[in-house]
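Here the numbering used here is used: the first residue of the sequence shown is 726, the next is one more, and so on.
Beta carbons are placed, not taken as given, at the ideal position from N, Cα and C, and that holds for glycine.
Remarks on the structure that follows.
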Amino acid sequence: ISPSRLESLLDTWYVEKGVLWRGMRDIDAAEWIKSGGGTELATMSTTGDIRVALKYTLGSKTSSLLFMLKIPSFMQQGADLSYLSAFPQERECTYPPLTFIKPTGRERKIVDGELNYHVVEVLPYFPS
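Below, the structure is given as structure tokens:
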């Protein structure tokens with residue numbers, strides 16, 4: 726699926742400010758959502774560019790998961806690593822280990838031919 730096609734399928738979700746993306750392939754999030762979220766044990770990498778997140782879903786055999794991290798305040802913003810990166814255009818933001826990500830209840834399943842995307846809006850919470 727092309728980024729522009731996915732953007733059009735996401736309607737107004739994509740244009741909202743304060744959004745980061747994390748893409749994963751071959752993951753079913755149904756049980757994770759029912760349980761109320763989960764904790765990332767390692768450093769969690771995200772991006773401000775949906776096209777970069779889509780690259781991480783390429784080659785999926787089943788379905789791909791796109792987390793849309795809603796950032797309501799600067800206190801929930803990850804560390805911007807663009808100035809350190811060999812690929813600053815990826816607009817990478819990282820979160821520390823043990824960051825909890827909680828689904829907001831907004832989600833969308835997108836089927837485009839053989840490609841299946843599950844887009845889940847989540848809120849990140851730093852470990853204390």
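- In this structure, residue 806 lies near residue 819, with their beta-carbon atoms less than 8 Å apart.
- Under DSSP, residue 844 takes part in a beta bridge, and its partners are 791 and 833.
- Within the DSSP secondary-structure output, residue 750 pairs in a beta bridge with 789.
- Within the same chain, Cβ atoms closer than 8 Å to the Cβ of residue 815 are found at 772, 774, 777 and 807, the five residues on either side in sequence being excluded.
- Restricting attention to 813, 834, 800 and 792, the CA atom closest to the CA of residue 765 is found in 792.
- Annotation note: the region 752-823 contains the following uninterrupted beta strand (DSSP E) runs of length 3 or greater, listed N- to C-terminal: 763-765, 769-772, 789-795 and 817-820.
- Contact annotation, residue 785 with residue 833: C-beta distance approximately 17 Å; criterion of less than 8 Å not satisfied.
- Its chain contains 743, 744, 745, 802 and 849 as the residues whose beta carbon lies nearer than 8 Å to that of residue 796, once the 5 sequence neighbours on both sides are disregarded; these appear in chain order.
- Looking at the DSSP output, residue 849 shares a beta bridge with 826.
- Note on residue 789: 16 or more other CB atoms within 10 angstroms of its CB, so buried under the neighbour-count rule.
- Apart from the 5 residues on each side of it in sequence, residue 813 sits with its Cβ closer than 7 Å to the Cβ of 807 in its chain, given in chain order.
- Less than 8 Å divides the Cβ of residue 758 from the Cβ of residue 845.
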